[in-house]
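Novice: Here the sequence shown stands for residues -28 to -1, 1 to 414, numbered as in mature numbering (1 follows the signal peptide of the UniProt record, and there is no 0).
Each residue gets a CB set at the ideal place from its N, CA and C atoms; glycine is no exception.
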Amino acid sequence: TSTKMASTNISMLSFLILSFFAFKFAQAVVPQNETFSFVNEGEFGPFIVEYDGNYRVLSVFNAPFQLAFYNTTPNAYSLALRMGLTRSESLFRWVWEANRGNPVGEKATLKFGTDGNLVLADADGRIAWQTNTANKGVVAFRLLSNGNIVLLDSKGNFVWQSFDHPTDTLLVGQSLRVGGPTKLVSRASEGQNINGPYSFILEPKGLALYYKTKDIPKPILYFLSSDWFTISKGSLENVTLGANVNTDQGDATDLTLDFQVANSSTSGNRILSRPNYNSTLTFLRLGIDGNIKLYTYNDKVDSSAWEVTYILFDRDSSTETECQLPSRCLEFGLCQDNQCVACPLSNGLVGWSKDCKSKALTSCGVKDFHYYKVEGVEHFMNKYTKGSAVSEKECENKCTKDCKCLGYFYHRDESRCWIAYVLKTLTKVENSTHVGFIKVPN
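See below:
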């Protein structure tokens, strides 16, 4: 009988365990009226959108935000969140994307089912993107008024949020943070919705901008916000885009980057801009060109509602000009006062055009190339990386031995050396002891 008793107890226990899981699962099912399925088909929308795309809106909106499928090349769609209002003649901008670099085709579906998973799939069933939240207690989907797309549990907690998955854009209230999203990555071009070469990264002491392509062994730093945040000790926990309206100043808004230091009460902000109207509808964008800009939407006006309210590499800035942008002069060029003024070739400076390039190296043998000198010049990496303390001859040897090296830059007044794996934009400077040597075939 004891065996019988034990087996009864075990089956009772199994029944209880199963009931518990069934109950837990039943608790966390998305009600039928909260589920949805949208198919990418039908007419394109009539308004102008960023990147000159075609789009189809979904009936998921919370003004000024709305979900849509859009493409810049036929049959390659992104699921994205657009920002703007139809009554304004201004273009709509894309402020979040689900599936950059992995487009879907016609008749693709976006489904939110009873299991709580949000899935973007092609017509043939191939899953292009999902939130991976099946059976995680999700009961509802919401697009919030700040542009955050959230999946909620029965207590109203966020099981998943789009704010944790930025592409190249931060909306007000969205953060880069340790243990979460730590970077933005640029878009390759207007027509190509894949990752570009630029990234904006949260680092222990500030925010950094990097340029990276497959030809470069490691990303090149071209900006560091060393004086934006005062952090004597500790490291950054998060940086959040803020918009603080001063009601006593007629709605003028401080657009800020708010920072918090980890395990500390130290926090503060860097004011980037102060438009004189309510500017809570603002986003920060790492652009295709590697610049950082704030775009503010003034929903009180009917046309030209978008204003660029901050530019990091600015024509009017004394500290960071457009010449510091790696691709300001495309593949190669000399930049001065924000303009590409010359193409520095081995036979001297010639007028700049977008075809300016240094001669491609065909062979790596020491006898197959030589260097020519450009005086009074900086490479975009010189400003924020220290370079190595070696002699000019050693600097040359380093480049000569390295097949991937396209040239080297040297500060004769400080004996500092930089090896260049990419040329791009060089900046003209007064100091003639700052020199560049470009490798060309014989």
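(1) With respect to the beta strand (DSSP E) encompassing residue 265, which residues constitute its N-terminal and C-terminal limits?
(2) Given this structure, state the Cα-to-Cα distance separating residue 4 from residue 255, to the nearest angstrom.
(3) Please check the pair residue 382 and residue 392, which I expect to be a contact at CB under 8 angstroms, by giving their CB distance rounded to whole angstroms.
(4) In the DSSP output, which residue or residues are listed as bridge partners for residue 110?
(5) Less than 6 angstroms between C-beta atoms, sequence neighbours within five positions excluded: which residues of the same chain meet that for residue 410?
(6) On the three-state DSSP scale, how would you describe residue 24?
(7) Leaving out the 5 sequence neighbours to the left and right, which residues in its chain are closer than 8 angstroms to residue 324 when beta-carbon positions are compared?
(8) Have a look at residue 350 and residue 190 and give me their C-alpha separation to the nearest angstrom.
(9) Exposed or buried, residue 140, counting other C-beta atoms within 10 Å across all chains shown (16 or more means buried)?
(10) Please return the same chain residues whose Cβ sits closer than 6 angstroms to the Cβ of residue 243, not counting the five positions on each side in sequence.
(11) Which word fits residue 176, buried or exposed, when buried means at least 16 other C-beta atoms lie within 10 angstroms of its C-beta?
(12) Under the assumption that residue 119 contacts residue 143 (Cβ atoms under 8 angstroms), give the Cβ distance between them as a whole number of angstroms.
(13) Roughly how many angstroms lie between the CA atoms of residue 396 and residue 299, to the nearest whole one?
(14) Where DSSP assigns a beta bridge to residue 55, which residues make up the other side?
(15) My output table needs one value for residue 285: the three-state DSSP class, helix, strand or coil.
(16) Tell me which same chain residues have a C-beta within less than 8 angstroms of the C-beta of residue 171, skipping the five on either side of it?
(17) Restricting to Cα atoms, I'd like to know which of 235, 188 and 373 is closest to residue 206.
(18) Let me confirm a value: residue 354 is counted as buried when at least 16 other C-beta atoms fall within 10 Å, else exposed. Which label applies?
(19) Leaving out five residues before and five after residue 83 in sequence, what residues of the same chain have Cβ atoms less than 6 angstroms from its Cβ?
(20) Which value, in whole angstroms, describes the spacing of the CA atoms of residue 415 and residue 97?
(21) Residue 281 and residue 247 - do their beta-carbons sit closer together than 8 angstroms?
(22) What do you reckon, are the CB atoms on residue 23 and residue 44 nearer than 8 angstroms?
(23) For residue 368, report the span of its alpha helix (DSSP H) as first-last.
(24) Answer with buried or exposed for residue 332, where buried requires no fewer than 16 other C-beta atoms within 10 angstroms of its C-beta.
(25) Over the uninterrupted beta strand (DSSP E) stretch that includes residue 174, give me the two end residues.
(26) What does the Cβ neighbour count give for residue 221, buried or exposed, with the cut at 16 atoms within 10 Å?
(27) Alpha carbons only, please: which of 385, 347, 407 and 336 is nearest the one belonging to residue 374?
(28) Under a Cβ-count criterion, where at least 16 other Cβ atoms within 10 Å of its own Cβ denotes burial, should residue 40 be classed as buried or exposed?
(29) Could you tell me the boundaries of the beta strand (DSSP E) in which residue 98 lies?
Specialist: With the given structure in hand:
(1) The continuous beta strand (DSSP E) containing residue 265 extends over residues 264 to 269.
(2) CA-CA distance, residue 4 to residue 255, rounds to 34 angstroms.
(3) Contact doesn't hold; Cβ gap of about 11 angstroms is too wide.
(4) Residue 110 is bridged to 125.
(5) For residue 410, where only same-chain residues beyond five positions count, the Cβ hits under 6 angstroms are 330, 344 and 379.
(6) Three-state result, residue 24: helix.
(7) If we look at residue 324 and ignore the five residues flanking it on each side, its Cβ neighbours are 301, 305, 306, 312, 313, 314 and 315.
(8) In this structure, the alpha-carbon of residue 350 lies about 19 angstroms from that of residue 190.
(9) With 16 or more other Cβ atoms within 10 Å, it is buried.
(10) Counting only Cβ-Cβ distances below 6 angstroms, and skipping sequence neighbours, we find 226 and 228.
(11) Exposed.
(12) About 5 angstroms; that satisfies the 8 angstroms criterion.
(13) Straight-line Cα distance between these residues: approximately 6 angstroms.
(14) 37 and 65.
(15) Coil, per DSSP.
(16) 155, 156, 157, 158, 181, 182, 184, 191 and 258.
(17) Closest by alpha carbon: 235.
(18) Buried is the call here.
(19) Counting only Cβ-Cβ distances below 6 angstroms, and skipping sequence neighbours, we find 9 and 91.
(20) Since the first and last residues shown for the chain are -28 and 414, residue 415 lies out of range.
(21) With contacts defined by Cβ atoms closer than 8 angstroms, residue 247 and residue 281 form a contacting pair.
(22) Yes.
(23) Unbroken alpha helix (DSSP H) run through residue 368: 364 to 373.
(24) Residue 332 is exposed by the Cβ-count criterion.
(25) Taken as a continuous stretch (DSSP letters only), the beta strand (DSSP E) holding residue 174 covers 167 to 175.
(26) Exposed, by the Cβ-count rule.
(27) Checked all of 385, 347, 407 and 336; the closest Cα to residue 374 is 336.
(28) With a threshold of 16 other beta carbon atoms within 10 Å, residue 40 meets it and is buried.
(29) Secondary structure note for residue 98: it is in no beta strand (DSSP E), with a DSSP letter that is neither H nor E.
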